[in-house]
Structures are given as structure tokens and as C-alpha cells.
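Undergrad: If you read the sequence shown in the numbering used here, its first letter stands for residue 10, the second for the next number, and so on. This structure is in C-alpha cells; I'll ask about it shortly.
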Amino acid sequence: QVQLVESGGGLVQAGGSLRLSCAASGNIFTDNVMGWYRQAPGKQRDLVATATSGGRTNYADSLKGRFTISRDNAKNTVYLQMNSLKPEDTAVYYCRYVRGPYYYWGRGTQVTVSS
10 QVQLVESGGG
20 LVQAGGSLRL
30 SCAASGNIFT
40 DNVMGWYRQA
50 PGKQRDLVAT
60 ATSGGRTNYA
70 DSLKGRFTIS
80 RDNAKNTVYL
90 QMNSLKPEDT
100 AVYYCRYVRG
110 PYYYWGRGTQ
120 VTVSS
């Protein structure tokens with residue numbers, strides 16, 4: 010089992026920044042992929058960004074340049090730096106851990122961007 014705890018969400022004005030954190034604990038293996046997804050009300054959960062333990066990253070095309078994912082493997086933590094936030098970035102942001110066929114989700118953290 011892997012437990013994921015997200016933090017850092019909140020209310021921010023358009024144009025502002027937030028940094029999300031997700032700490033993993035439990036049965037962690039070094040070779041894994043951690044990432045962020047988001048779900049707005051009434052919409053499906055979409056990819057934001059992922060990062061492998063080796064440092065490779067992948068982003069949703071629409072978010073490149075504004076969002077940056079990073080990891081601290083020693084802390085089993087993944088971060089999401091979000092800049093130039095827009096009201097359409099409002100969503101619940103979920104952390105995900107994947108290793109082979111196994112994946113785990115965090116409970117999510119709310120990000121609200123006011124106009």
C-alpha cells in the first residue's frame with residue numbers, strides 16, 4: 010500500500026502562484042512515476058504533469074510554460090509549481106503514484122482561482 014497526502018491548495022487571485030506538494034509513504038519503490046491530475050466540477054479527471062523517479066517529465070500541452078513538476082526522491086515527494094494561474098485552473102488537484110500495474114491516488118487538494 011502507498012499513501013499519498015497532498016497539500017498547498019487554496020484560494021488565489023488570477024495571475025498568482027501556488028505550490029502543491031504530495032508526500033508518499035508506505036511501500037515505496039524507487040522506480041516509480043508520480044504526477045498530478047485535476048478535476049473541475051462536472052468534468053473528467055485530466056493529466057496535469059508526471060515525473061519519473063529518473064527525472065523525465067511530461068506535461069499537458071496546454072499547461073506547458075506555466076506549471077512545473079519536480080521531485081525530491083529522498084523525501085518521496087512531488088511538487089507542482091503553478092504560475093500565472095487562471096480561473097479555469099480551478100479544480101481539485103490529485104496526486105498519483107504508479108509503479109508497474111499498481112497505482113494509488115491521493116484525496117486531492119482544492120485550488121480555486123478568483124478572477
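All C-beta atoms in this analysis are idealised placements derived from N, C-alpha and C, irrespective of residue type, glycine included.
Need the endpoints of the beta strand (DSSP E) that residue 116 sits in, please.
TA: Premise fails: residue 116 is in no beta strand (DSSP E) and is neither H nor E.
Undergrad: Straight-line CA distance for residue 60 to residue 124?
TA: When rounded, the distance between both Cα atoms is 30 Å.
Undergrad: The beta strand (DSSP E) that contains residue 15, what's its start and end?
TA: Its beta strand (DSSP E) spans residues 11-16.
Undergrad: So, for residue 96: in the same chain, excluding its five sequence neighbours on each side, which residues have a beta-carbon less than 8 Å away from its beta-carbon?
TA: Correct list, in chain order: 23, 122, 123 and 124.
Undergrad: What residue from 35, 10, 78 and 83 has the CA that sits closest to residue 90's CA?
TA: Ranking the options by Cα distance to residue 90, first place goes to 78.
Undergrad: Is it buried or exposed, residue 38, if we count other Cβ atoms within 10 angstroms and call 16 or more buried?
TA: Classification for residue 38: exposed.
Undergrad: Following the continuous beta strand (DSSP E) through residue 76, name the residue where it begins and the one where it ends.
TA: Start and end: 76-81.
Undergrad: Using CA coordinates, which residue listed in 102, 86, 58 and 13 is at the minimum distance from residue 48?
TA: It is 102.
Undergrad: Less than 7 Å between the C-beta atoms of residue 31 and residue 109, yes or no?
TA: Not in contact: residue 31 and residue 109 (Cβ atoms no closer than 7 Å).
Undergrad: So the candidates are 55, 14 and 112; which of them puts its Cα closest to the Cα of residue 7?
TA: Within the shown structure, residues of the chain are numbered from 10 to 124, placing residue 7 beyond reach of any answer.
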